[in-house]
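**Student:** Next up is a structure, given as structure tokens.
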């Protein structure tokens, strides 16, 4: 294993030539499955708050969270970001990250951009280590509602307090924000669509969505339901926006824990049968 697995923040590893911040909780990958957490488009490790520790305690899984390049204390990136930045993260970084962490069995847990990256990885890379997906507010294509919300975020960043709030979490806050915002508001991005990744999933999936999410409608979840071949569970949360793990924490955590424990039981039963 190439990283030091200990329950302290501020770990750092190099993946695909980039220095990435990471943190871990619970048992090491050689003793238990690992939840690998992928943050949202403006996220970082700290913005998960206490969710990683809670999930490690409730599931018995290890938990690994990392900050993508350009976020948190990870290396900055050059701007503008490529329009396919989520696909590049999935195909160029995530696999080597799992290698560096010594992951043996993983459930990928992503929020927003992180969910999309996890979804692309599961649909484009044949990796038998990945046993399940937890997708919180995933997006597979652009929607007018989401693009309007991102433009509004741009105004809040320029004229309001959003920049100051994000600066608490990102060493290069302008890189973090503009790298995300400028891709999503690029006219060429309106045709972006990675829904074909769903067709290739062959592992169980838990999809969680707030009904009042300003960044994506239930059409994103309905796209999964139309195309998926593998087992799917959905949790639609009433009165909830873009961050179910913060806005509806108890329900979201319970669903994730139940999904992981059920998956682990099935894995153990298959081993006994074999």
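In full-length UniProt numbering, the protein residues as written are 1 to 274.
No residue lacks a Cβ here, since even glycine has one placed at the ideal position from N, Cα and C.
These figures come from a predicted structure and were not determined experimentally.
(1) Please report the distance separating the alpha-carbon of residue 90 from that of residue 124.
(2) Determine the extent of the alpha helix (DSSP H) in which residue 157 is found, giving its start and end residues.
(3) So what does DSSP say about residue 208, is it helix, strand or coil?
(4) Taking all protein chains shown into account, do 16 or more other C-beta atoms lie within 10 angstroms of the C-beta of residue 33, making it buried, or fewer, making it exposed?
(5) With H, G and I counted as helix, E and B as strand and the rest as coil, what does DSSP make of residue 141?
(6) Are the stretch 240-254 and the stretch 154-171 touching, with three or more C-beta to C-beta distances below 8 Å?
(7) Could you check whether the Cβ of residue 7 sits closer than 7 Å to any heavy atom belonging to the ligand NAP?
(8) Is the number of C-beta pairs between the stretch 33-45 and the stretch 113-130 that are closer than 8 Å three or more?
(9) Could you check whether the stretch 86-103 touches the stretch 47-59, counting it as contact only if at least three pairs of C-beta atoms, one from each stretch, sit closer than 8 Å?
(10) What do you reckon, are the CB atoms on residue 135 and residue 115 nearer than 8 Å?
(11) Please check the pair residue 145 and residue 214, which I expect to be a contact at CB under 8 Å, by giving their CB distance rounded to whole angstroms.
(12) For the candidate residues 101, 137 and 84, whose alpha-carbon lies nearest to that of residue 109?
(13) Report yes if the CB atom of residue 44 is closer than 8 Å to the CB atom of residue 70, and no otherwise.
**Tutor:** The short version:
(1) 9 Å
(2) 144-159
(3) In the structure shown, residue 208 sits in a strand (DSSP, three-state: E or B).
(4) buried
(5) strand
(6) no
(7) The ligand NAP is not part of this structure, which contains no ligands at all.
(8) The stretch 33-45 and the stretch 113-130 touch, with no fewer than 3 CB-CB distances between them shorter than 8 Å.
(9) Because the criterion of three Cβ pairs below 8 Å is not met, the stretch 86-103 and the stretch 47-59 do not touch.
(10) yes
(11) 7 Å
(12) 137
(13) The answer is no: Cβ separation not under 8 Å.
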